[in-house]
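Residue numbers (mature numbering (1 follows the signal peptide of the UniProt record, and there is no 0)): -19 to -1, 1 to 509.
#1: Grab me the residues of residue 295's own chain with a C-beta within less than 7 Å of its C-beta, minus the 5 sequence neighbours each way, in chain order.
#2: Going along the chain, which unbroken runs of the alpha helix (DSSP H) with 4 or more residues stay wholly within the region 96 to 164?
#3: Which class does residue 387 belong to by DSSP, given the choice of helix, strand or coil?
#4: Considering only residues of the region 299 to 339, which uninterrupted beta strand (DSSP E) runs meet the minimum length of 3 residues and lie entirely inside it, listed in chain order?
#5: Could you give the distance in angstroms between the alpha-carbon of residue 500 and the alpha-carbon of residue 382?
#6: Looking at C-alpha atoms only, which residue of 233, 116, 109, 128 is the closest neighbour of residue 175?
#7: Run through the region 180 to 254 for me and flag every whole alpha helix (DSSP H) of 4 or more residues, listed as ranges in chain order.
#8: With a threshold of 16 other CB atoms inside 10 Å of the CB of residue 453, please say whether the residue is buried or exposed.
#9: Roughly how many angstroms separate the alpha carbons of residue 355 and residue 349, rounded to a whole number?
#10: Between the region 138 to 146 and the region 459 to 470, are three or more C-beta pairs nearer than 8 Å?
#11: What did DSSP end up calling residue 398 once you bin it into helix, strand or coil?
#12: Cβ atoms of residue 416 and residue 470: under 8 Å apart, would you say?
#13: With 16 as the cutoff for other CB atoms within 10 Å, does residue 40 come out buried or exposed?
#14: What separation, rounded to the nearest whole angstrom, lies between the Cα atoms of residue 190 and residue 138?
#15: Hey, would you say residue 222 sits closer than 8 Å to residue 73, going by beta carbons?
#16: Which full runs of the beta strand (DSSP E) of 3+ residues lie inside the region 440 to 471, going along the chain?
#17: Touching or not, the region 111 to 121 and the region 279 to 291, by the rule of three or more beta carbon pairs under 8 Å?
#18: Can you tell me which residues form a DSSP beta bridge with residue 16?
#19: Let's test the definition: count the other Cβ atoms within 10 Å of the Cβ of residue 13 and tell me whether it reaches 16, buried, or not, exposed.
#20: Does the separation of the CB atoms of residue 225 and residue 197 fall below 8 Å?
#21: Please state if the CB of residue 173 and the CB of residue 362 are separated by a distance shorter than 8 Å.
#22: For residue 91, which residues does DSSP report across the bridge?
#23: Would residue 210 pass as a contact of residue 299 if the rule is Cβ separation under 8 Å?
#24: Rank 408, 468, 455, 49 by C-alpha distance to the C-alpha of residue 483 and give the top, closest one.
#25: Should residue 51 be labelled buried (16 or more other beta-carbon atoms within 10 Å of its own) or exposed?
#26: Does DSSP put residue -11 in a helix, a strand or coil?
#27: In this structure, how does DSSP classify residue 77 when only helix, strand and coil are distinguished?
#28: The beta strand (DSSP E) with residue 359 in it runs from where to where?
#29: Three or more beta-carbon pairs under 8 Å between the region 270 to 278 and the region 310 to 325, yes or no?
#30: What three-state label does DSSP hand residue 22 in the structure shown?
#31: In three-state terms, what does DSSP make of residue 288?
#32: Ignore the nearest five residues each way along the sequence and tell me which others in residue 331's own chain have a CB closer than 6 Å to its CB.
#33: Please state the DSSP three-state secondary structure of residue 504.
#34: What does a CB cutoff of less than 6 Å around residue 57 pick up in its chain, not counting 5 residues either side in sequence?
#35: Can you tell me the Cα-Cα spacing of residue 112 and residue 205, whole angstroms?
#36: In this structure, how does DSSP classify residue 413 when only helix, strand and coil are distinguished?
This is the structure we're talking about:
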C-alpha cells in the first residue's frame, strides 16, 4: 500500500465518512502561498508537504540544509492538499519490515501543519512541533500529527510535524567523510532548520513563535534531547519547552565505526569518494544504502535492536555524549517533560536468545569497547528471573540503557539546573515501547466508556496541558480528576499510570538506582 493511499485510509478512519471538503483555505507565508484542505469533522485546516529546505540532492547531498528559496513565480498558489514525499527509508537487518527499494525520496524536507479552522493570523496560538520517531532510519511526518490532542483541547494550538533525512542520508560521518565536505548529523540540522522555519513563518497560520513546544517519541524523543544539547545548548533556542517521550538513546558510534559505515556505502556504490556518491543515481543509492544494513549486521557491526545509523559526537553539532552533556549542564534550559513505559526493551530483544553465551555475544556486539568487567557487572545487576530468564534479563538491561535510564539522566540534570521537569512511567496497555501512543492518538477512546477512556482523558489532559501551558497541571478538558502532578525537583517524584490506578511515586522505584548509575558512570565505555 503506497503512502498516499495509507494517508487517505488514516484520514478516512478519523473522519468515519463524515469529512467533507467545504473549502480550500489559503495561507500566504510571505515568499509563497499555499492552498490547504478543510476537515469538517475535526474543524481544522490541513496543509501537507510544505518545503522548508531546498531538496538535498546533487551537490546538496550530505550538505547542511539550505533554506527554501523564493519560487520562480511567487504569485502561484501551491497545492498543499495531499501528503508530500517521505524521506528514503532504511531498515536494520534484524527487522522483518524491509521497505521496497523505491521507498521514499531525497526531496523530502517538508512539514505538515494543522491549523484550527477560522484561525486568523493574529490569533497567536501556541505551537506544537512534532519530530517523528523510527530509529532515525524510518518514519515520516504523517505519523506524528496531533489530531487527537487538538480535538481534546478544543483546537487550542497549531500542530506542525516535520521530516528530516534518515539513515545514511542524515547520519553519515567519520573524519574522511568530513574532509571530503560532508556535514555532520544532518538529520538534526534538518530538524533545527525546520524549527527556524516555524519561527519565521508560523505567525501566518495564527501561531505564536514565542510559544513553540517540541515533542517526539522514541527517536523523536532522542531528537528532542539532541536539540537541547545541540552546539552545547543554545541560550535562545527556537522553542520554549520540550517533551521527550521514551527518548531513544542508542549507542553512539565511534570514529572507527563511522568510518566503516562510510566505507560500506562507498563499496556498495563502487565509489571511492563523497563526490562520487553525490552523482550516484537516486535508485542505485537507495539500494546501496539499504544494503549497508545487511552487510554491517552480518559483520557484527551492530546488534539486535540497534538501528545502525543515528546521531554521533562530531564536536560541533553534538559536542559530547548526551549523558555527559546533561550532567555538565550543556543543554538548553527550558521546561521539560519525559516519560517511558515499563518494558521498553521487549520489542528490541531477540526472542530466540536462550543461553548466557548468546547473551554475552550480544553484549559484546552492543558494546564493542566494553571489557569483561563491564559485562560481569551487567550480569550482577540484572539477575535472570522466571521463565525464559535470558530474554527477560536482556530486555531489562537493553531497555534501561537505551530509554529508561536516559529519562532519569534528563530529569535529574534538568532539576539540578533549576528548570521545571515532569516525568511519568506508563504501566498500562502492552506496557512496551510506545504503549502510551494509542491513548494519545486513537479517537476510539472518545466514544468507548470505561477504564481506557478514563485513562485516555487523564493522559490527554496532562499532556495537552504541558504542550500548551508547559505545565501538566494547568488545564483539564475532561471531568477526570487527578492529584497534582509534582515537579521532579520535589524529591524526584513522578506520576505513574497502570491499568486501574494513577498517582505520585518516587523515581527510586524505577530509574534512580544503581543500574542507571552504573550505565551513567560508564558512558565513555559504552558511548551514550
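Ideal placement from N, C-alpha and C gives every residue a C-beta, glycine not left out.
This is what the structure holds:
#1: By one-based count along the chain shown, residue 295 stands at place 314. A distance below 7 Å between beta-carbons, with the five flanking residues on each side excluded, links residue 295 to the following residues of its chain, in chain order: 154, 165, 166.
#2: Along the region 96 to 164, the alpha helix (DSSP H) occurs as fully enclosed runs of 4 or more residues at 128 to 133, 148 to 152, 156 to 160, listed in sequence order.
#3: Here residue 387 refers to the residue found at position 406 of the chain shown. DSSP places residue 387 in helix when its eight states are reduced to three.
#4: The region 299 to 339 contains these whole beta strand (DSSP E) runs: 317 to 322.
#5: For the purposes of this step, residue 500 is taken as residue 519 along the chain shown, with counting starting at 1. For the purposes of this step, residue 382 is taken as residue 401 along the chain shown, with counting starting at 1. Distance from the CA of residue 500 to the CA of residue 382, rounded to the nearest whole angstrom, comes to 7 Å.
#6: Along the chain shown, read from residue 1 onward, the residue named residue 175 stands at position 194. Ranking 233, 116, 109, 128 by Cα distance to residue 175 puts 109 first.
#7: The region 180 to 254 contains these whole alpha helix (DSSP H) runs: 200 to 210, 236 to 249.
#8: The residue labelled residue 453 in the question sits at position 472 within the chain shown. By the 10 Å Cβ count, residue 453 comes out buried.
#9: Within the chain shown, numbered from 1, the residue matching residue 355 stands at position 374. Within the chain shown, numbered from 1, the residue matching residue 349 stands at position 368. Straight-line Cα distance between these residues: approximately 11 Å.
#10: With the rule of 3 Cβ pairs closer than 8 Å, the region 138 to 146 does not count as touching the region 459 to 470.
#11: Within the chain shown, the letter at position 417 stands for residue 398. Coil.
#12: Position 489 of the chain shown holds residue 470. Position 435 of the chain shown holds residue 416. Their beta carbons are not under 8 Å apart, which means residue 470 does not touch residue 416 by this criterion.
#13: Stepping through the chain shown from its first residue, residue 40 is reached at position 59. Flag for residue 40 reads exposed.
#14: Start at 1 with the first residue of the chain shown, and residue 190 comes out as number 209. Start at 1 with the first residue of the chain shown, and residue 138 comes out as number 157. The straight-line gap from Cα to Cα measures roughly 12 Å.
#15: Numbered from its first residue, the chain shown carries residue 222 at position 241. Numbered from its first residue, the chain shown carries residue 73 at position 92. Cβ atoms of residue 222 and residue 73: not closer than 8 Å.
#16: Here no run is fully enclosed.
#17: Enough Cβ pairs lie closer than 8 Å, so yes.
#18: Start at 1 with the first residue of the chain shown, and residue 16 comes out as number 35. Answer by DSSP bridge pairing, in chain order: 7, 60.
#19: By one-based count along the chain shown, residue 13 stands at place 32. The residue is buried, with at least 16 neighbouring Cβ atoms inside 10 Å.
#20: Sequence index remark: in the chain shown, residue 225 carries index 244 (1-based). Sequence index remark: in the chain shown, residue 197 carries index 216 (1-based). Contact: yes.
#21: Start at 1 with the first residue of the chain shown, and residue 362 comes out as number 381. Start at 1 with the first residue of the chain shown, and residue 173 comes out as number 192. Taking 8 Å as the cut-off, the Cβ atoms of residue 362 and residue 173 do not count as close.
#22: Position 110 of the chain shown holds residue 91. Bridge partners of residue 91: 32.
#23: As a first step, residue 210 must be located in the chain shown, where it is residue number 229. As a first step, residue 299 must be located in the chain shown, where it is residue number 318. It is a contact, given that the beta carbons lie within the stated cut-off.
#24: By 1-based counting over the chain shown, the position of residue 483 is 502. Residue nearest to residue 483 within the set 408, 468, 455, 49 is 408 (criterion: CA-CA distance).
#25: Here residue 51 refers to the residue found at position 70 of the chain shown. Exposed: under 16 other Cβ atoms inside 10 Å.
#26: Looking up residue -11 in the chain shown gives position 9. Residue confidence is low: residue -11 scores 34 on pLDDT, short of 50, so the model does not pin down where it sits. Its coordinate-derived value is still stated next. It is helical.
#27: As a position in the chain shown, residue 77 is number 96, starting the count at 1. Annotated three-state conformation of residue 77 is coil, per DSSP.
#28: Numbered from 1 along the chain shown, position 378 holds the residue referred to as residue 359. Taken as a continuous stretch (DSSP letters only), residue 359 belongs to no beta strand (DSSP E), being part of the alpha helix (DSSP H) at 353 to 362.
#29: Contact fails: fewer than three Cβ-Cβ distances are below 8 Å.
#30: On the chain shown, position 41 is the one that residue 22 refers to. Coil.
#31: The sequence position of residue 288 within the chain shown is 307, counting from 1. Residue state for residue 288 is assigned as coil, using DSSP reduced to three classes.
#32: Taking the chain shown and counting its residues from 1, one reaches residue 331 at position 350. Cβ neighbours of residue 331 beyond the five flanking positions: 285.
#33: Mapped onto the chain shown, residue 504 falls at position 523. Look at residue 504 here: in three-state DSSP terms it is helix.
#34: Locating residue 57 in the chain shown gives position 76, counting from the first residue. Cβ neighbours of residue 57 beyond the five flanking positions: none.
#35: To locate residue 112, count along the chain shown from 1; it is residue 131. To locate residue 205, count along the chain shown from 1; it is residue 224. C-alpha of residue 112 to C-alpha of residue 205: approximately 8 Å in a straight line.
#36: On the chain shown, position 432 is the one that residue 413 refers to. It is a strand residue.
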